[in-house]
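Enquirer: Protein chains in written order, with this note's numbering: chain F, 402 to 749; chain H, 2 to 339.
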């Protein structure tokens, strides 16, 4: 499961940066991708914008999940917990105290990172690994779900509505419907999250985390503090996923227990990363780009189906069924995901 | 691939030794659990400040709910306990069995309990197919994540295929034995009693298959040490497929017996996936008696807990219990010490 390695830094006189070449290449690609994507709303139709925004939220969640589970090697099946904590922290601070969602976002990320570190610490302390780690994280997400259903101050099963403002406000992160700001904000957040990923993966602690993932006994015998370097990617991962949650609340102006802590919130973080490629920088983004628009494309296709598929007209569930088949096929036949497999071909 | 493979051999190779309740870990746990249950229920009667008829009703409801849970988790005991697959499609497979029964009953009008006998072999075939076409490609892989992801995909696929075929409108399978009887002054639904008895029967059947049949011997051998089993001539992949099939057949029986109890929608089984994991881990991975006791215990905990924590609060209790077991006794209450 080894992924990117640090190439030896070139001491070539032409290079001024001390960044590893791999990281520098990734940052360059990121800059180009962001620049191209920033112009996207000028090209796509207004009705496609919500789909693109949803895709960005998936991508943000998947980038977060990938740090803990792909690079950290701790398979989380409960990222809904962190997504939901971010979403509810923002919603609660805003509705109860009128606090700006920007601050709510940071508070949610910090709280979520704290909770994530605590959960991961307990799981690692009691030596849960593999399936057991996944089940424990899943159980925590379920506990948050049932807790929210019973907490009066979070409005129980009703959820929290974000009050609609009469005019646009940067501070309260509200704009006219269809404003491009709703697209550019998550794009910037995603860019930041990917930069953090690249920075982490090529940093000293990122290298330690990957060494621990590949062989924790060997890493420990080299003097790496295993617990510490396992918890760093967890904290980053939970914070990024929480930011996706906060933005989700802000964009849809509503959060309920099922949206926040339901099983699908966990799988929405996992599946794009798996389809794109676990433990790679670009995998989660590519996976999100495949998964995000899928249901809209399928729905559009089924409005005028070819004759042999007409019997499916008017049924629901086809989009998720296709996405499920895609997931199974990729996991069974392309375990490295789309990006991972392509990268392997190129390297050969 | 299995968590307590070596300990299982010891436990199995010493059946002749007298089983002393006070000396083995399992025996002690059983006593502790029984005592905790009895004291818990007694405490609710004495200090719970609830009407005692209401408490009796809750206990009976909890026992019957436990029966339902046992029925659902027996299949997972094989799939997760023996194969080590975190089967997230468990609830979806249950729904699939329920819809199979619904389809047979609504198209031919046969007795739903006869339809169960047809559902079990169909589900066996389905399970066998899943293991031999998909999962067996992954078992050489040490990673646990891939089987989990495949079953997750399978769960989505089954649920949404059912949605496409049957639509989202709730359906029902009428039970020919609808009605209720009095037990200790509490009302008990007859189909639920049948489900409870079915759970005991399936558990007994699985124990007999695992202990007495050549297939069971191979399954236990593969579970204990798959490499060793293949060296002495066991076709490991075939046994994996048979085990998954057997687990799926148990789910088939469960679905058939539960169909008359529920209002059928494509997502009806999802709630059971998590509970089944709780019970299997609680009972100790591959212990069928463990699943039986664990299921009844969780049923009681949820039902009696709901007296004090309304709504989904009692499920919070169930998951808190799960996390505690994972941390403190990951081999399960009735699993042998690693």
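C-beta atoms are modelled at their ideal positions from N, C-alpha and C, and glycine is treated no differently.
Keep in mind it's a predicted model, so treat the numbers as computed, not measured.
With a threshold of 8 Å between beta-carbons, can residue 338 of chain H be considered close to chain F, or not?
Expert: As a position in the second chain, residue 338 of chain H is number 337, starting the count at 1. In this prediction, residue 338 of chain H has a pLDDT of 47, which is less than 50 and means its spatial position is unreliable; nothing more can be read from the coordinates.
Enquirer: Taking Cβ to Cβ, would you say residue 719 of chain F is nearer than 8 Å to residue 676 of chain F?
Expert: Locating residue 719 of chain F in the first chain gives position 318, where the first residue counts as 1. Locating residue 676 of chain F in the first chain gives position 275, where the first residue counts as 1. Against a cut-off of 8 Å, the Cβ pair of residue 676 of chain F and residue 719 of chain F comes out as no contact.
Enquirer: Is the Cβ of residue 678 of chain F closer than 8 Å to any Cβ of chain H?
Expert: For the purposes of this step, residue 678 of chain F is identified with residue 277 of the first chain, where counting begins at 1. No, residue 678 of chain F does not count as interfacial toward chain H.
Enquirer: When you compare the CB of residue 716 of chain F with every CB in chain H, is at least one pair closer than 8 Å?
Expert: Taking the first chain and counting its residues from 1, the one referred to as residue 716 of chain F is at position 315. Yes - at least one Cβ of chain H is within 8 Å of the one on residue 716 of chain F.
Enquirer: Output the distance between the C-alpha atoms of residue 325 of chain H and residue 209 of chain H, rounded to the nearest integer angstrom.
Expert: Locating residue 325 of chain H in the second chain gives position 324, where the first residue counts as 1. Locating residue 209 of chain H in the second chain gives position 208, where the first residue counts as 1. The alpha-carbon atoms of residue 325 of chain H and residue 209 of chain H are separated by roughly 32 Å.
Enquirer: Give the C-beta separation of residue 760 of chain F and residue 644 of chain F to the nearest angstrom, bearing in mind that I take them to be a contact with Cβ-Cβ under 8 Å.
Expert: With chain F covering 402 to 749 only, the question about residue 760 of chain F has no answer from this structure.
Enquirer: Could you tell me which of F:594, F:680, F:685, F:573 sits nearest to residue 504 of chain F, measuring between CA atoms?
Expert: For this step, residue 504 of chain F is matched to residue 103 along the first chain. Considering only alpha carbons, the answer is F:573.
Enquirer: List, in chain order, every chain H residue whose beta-carbon is nearer than 7 Å to that of residue 550 of chain F.
Expert: On the first chain, residue 550 of chain F is found 149 positions in, with the first residue counted as 1. Chain H residues near residue 550 of chain F: 312, 313.
Enquirer: Just the C-alpha distance for residue 63 of chain H and residue 333 of chain H, rounded to the nearest angstrom, thanks.
Expert: As a working mapping, residue 63 of chain H is identified with position 62 in the second chain. As a working mapping, residue 333 of chain H is identified with position 332 in the second chain. Spanning the two alpha carbons is a distance of roughly 21 Å.
Enquirer: Buried or exposed: residue 278 of chain H, going by 16 or more other Cβ atoms within 10 Å of its Cβ?
Expert: One-based indexing of the second chain puts residue 278 of chain H at position 277. By the neighbour-count rule (16 or more Cβ atoms within 10 Å), residue 278 of chain H is buried.
Enquirer: Residues in the segment 97–123 of chain H with C-beta within 9 Å of chain F's C-beta atoms, listed in sequence order?
Expert: Cβ contacts with chain F come from no residue of the segment 97–123 of chain H.
Enquirer: Closer than 9 Å, Cβ to Cβ, to anything on chain H: give me those residues from the segment 624–653 of chain F, in chain order.
Expert: Under the 9 Å Cβ criterion, the segment 624–653 of chain F contributes no residue.
Enquirer: Taking 8 Å as the threshold (beta carbon to beta carbon), is residue 740 of chain F in contact with chain H?
Expert: For the purposes of this step, residue 740 of chain F is identified with residue 339 of the first chain, where counting begins at 1. Not closer than 8 Å to any Cβ of chain H, the Cβ of residue 740 of chain F fails to qualify, so no.
Enquirer: Please state whether the Cβ-Cβ distance between residue 259 of chain H and residue 69 of chain H is less than 8 Å.
Expert: Along the second chain, one-based indexing puts residue 259 of chain H at 258. Along the second chain, one-based indexing puts residue 69 of chain H at 68. Contact flag set, yes.
Enquirer: Taking 8 Å as the threshold (C-beta atoms), are residue 169 of chain H and residue 266 of chain H in contact?
Expert: Here residue 266 of chain H refers to the residue found at position 265 of the second chain. Here residue 169 of chain H refers to the residue found at position 168 of the second chain. Closer than 8 Å, so yes.
Enquirer: Restricting to Cα atoms, I'd like to know which of H:206, H:196, H:247 is closest to residue 220 of chain H.
Expert: In the second chain, the residue the question calls residue 220 of chain H occupies position 219. Checking every option, the nearest Cα to that of residue 220 of chain H belongs to H:247.
Enquirer: Buried or exposed: where does residue 111 of chain H fall if 16 or more other Cβ atoms within 10 Å of its Cβ makes it buried?
Expert: Looking up residue 111 of chain H in the second chain gives position 110. With fewer than 16 Cβ atoms within 10 Å of its Cβ, residue 111 of chain H is classed as exposed.
Enquirer: Buried or exposed: residue 673 of chain F, going by 16 or more other Cβ atoms within 10 Å of its Cβ?
Expert: For the purposes of this step, residue 673 of chain F is taken as the residue at position 272 of the first chain. Looking at its Cβ environment, which holds 16 or more other Cβ atoms inside 10 Å, residue 673 of chain F is buried.
Enquirer: Quick one, are the C-beta atoms of residue 465 of chain F and residue 670 of chain F less than 8 Å apart?
Expert: Taking the first residue of the first chain as position 1, residue 465 of chain F is located at position 64. Taking the first residue of the first chain as position 1, residue 670 of chain F is located at position 269. Result yes, Cβ atoms of residue 465 of chain F and residue 670 of chain F sit closer than 8 Å.
Enquirer: What does residue 656 of chain F pair with, by DSSP beta-bridge criteria?
Expert: As a working note, residue 656 of chain F is residue 255 in the first chain. According to DSSP, residue 656 of chain F bridges with F:561.
Enquirer: Taking 7 Å as the limit between beta carbons, can you name the residues of its chain near residue 525 of chain F, skipping five residues before and five after?
Expert: The sequence position of residue 525 of chain F within the first chain is 124, counting from 1. Around residue 525 of chain F: 628, 631.
Enquirer: Taking DSSP as the reference, what is the three-state secondary structure of residue 184 of chain H?
Expert: Start at 1 with the first residue of the second chain, and residue 184 of chain H comes out as number 183. The answer is strand: DSSP assigns residue 184 of chain H an E or B state.
Enquirer: Would you check if the distance between the CB atom of residue 476 of chain F and the CB atom of residue 514 of chain F is smaller than 8 Å?
Expert: Within the first chain, numbered from 1, the residue matching residue 476 of chain F stands at position 75. Within the first chain, numbered from 1, the residue matching residue 514 of chain F stands at position 113. No, the Cβ-Cβ distance between residue 476 of chain F and residue 514 of chain F is not below 8 Å.
Enquirer: Please tell me whether residue 463 of chain F has its Cβ less than 8 Å away from any Cβ of chain H.
Expert: For the purposes of this step, residue 463 of chain F is identified with residue 62 of the first chain, where counting begins at 1. Taking Cβ atoms only, chain H never reaches closer than 8 Å to residue 463 of chain F, which makes this a no.
Enquirer: Report the neighbours of residue 78 of chain H on chain F: residues whose CB is nearer than 9 Å to its CB, in chain order.
Expert: Sequence index remark: in the second chain, residue 78 of chain H carries index 77 (1-based). Within chain F, no residue comes near residue 78 of chain H; the closest Cβ sits about 15 Å away, beyond 9 Å.
Enquirer: Thinking C-alpha only, which one of H:178, H:256, H:181, H:239 is nearest residue 117 of chain H?
Expert: For the purposes of this step, residue 117 of chain H is identified with residue 116 of the second chain, where counting begins at 1. Out of H:178, H:256, H:181, H:239, H:256 has the C-alpha closest to the C-alpha of residue 117 of chain H.
Enquirer: Just how far apart, CA to CA, sit residue 698 of chain F and residue 138 of chain H?
Expert: Within the first chain, residue 698 of chain F is the residue found at index 297, counting from 1. Within the second chain, residue 138 of chain H is the residue found at index 137, counting from 1. Distance between the alpha carbons of residue 698 of chain F and residue 138 of chain H is about 31 Å.
Enquirer: Report the three-state DSSP secondary structure of residue 575 of chain F (helix, strand or coil).
Expert: Here residue 575 of chain F is taken as the residue at index 174 of the first chain, counted from 1. Residue 575 of chain F: strand per DSSP, three-state reduction.
Enquirer: Between residue 617 of chain F and chain H, is any beta-carbon pair separated by less than 8 Å?
Expert: Numbered from 1 along the first chain, position 216 holds the residue referred to as residue 617 of chain F. Taking Cβ atoms only, chain H never reaches closer than 8 Å to residue 617 of chain F, which makes this a no.
Enquirer: Can you name the start and end residues of the alpha helix (DSSP H) that residue 271 of chain H belongs to?
Expert: For the purposes of this step, residue 271 of chain H is taken as residue 270 along the second chain, with counting starting at 1. From DSSP, the alpha helix (DSSP H) with residue 271 of chain H extends over 271–284.
Enquirer: Check residue 733 of chain F in the structure and name its three-state DSSP category.
Expert: Numbered from its first residue, the first chain carries residue 733 of chain F at position 332. Residue 733 of chain F: helix per DSSP, three-state reduction.
Enquirer: Which residue's Cα is closest to the Cα of residue 296 of chain H: H:322, H:310, H:308?
Expert: Here the question's residue 296 of chain H lines up with position 295 in the second chain. Considering only alpha carbons, the answer is H:322.
Enquirer: Taking the continuous alpha helix (DSSP H) assigned at residue 685 of chain F, which residues delimit it?
Expert: Position 284 of the first chain, counting from 1, holds the residue named residue 685 of chain F. Element bounds for residue 685 of chain F: 684–692.
Enquirer: Applying the criterion that 16 or more other CB atoms from any shown protein chain within 10 Å of the CB defines a buried residue, is residue 272 of chain H buried or exposed?
Expert: The count along the second chain starts at 1 and reaches residue 272 of chain H at position 271. Result: exposed.
Enquirer: Could you name the residues of chain F that residue 85 of chain H contacts, counting a contact when the two beta carbons are closer than 8 Å?
Expert: The residue given as residue 85 of chain H occupies position 84 in the second chain. Chain F residues near residue 85 of chain H: 532.
Enquirer: Kindly say whether residue 275 of chain H, judged by its beta-carbon, lies nearer than 8 Å to any beta-carbon of chain F.
Expert: What you label residue 275 of chain H is simply residue 274 of the second chain in a count that begins at 1. Closer than 8 Å: yes.
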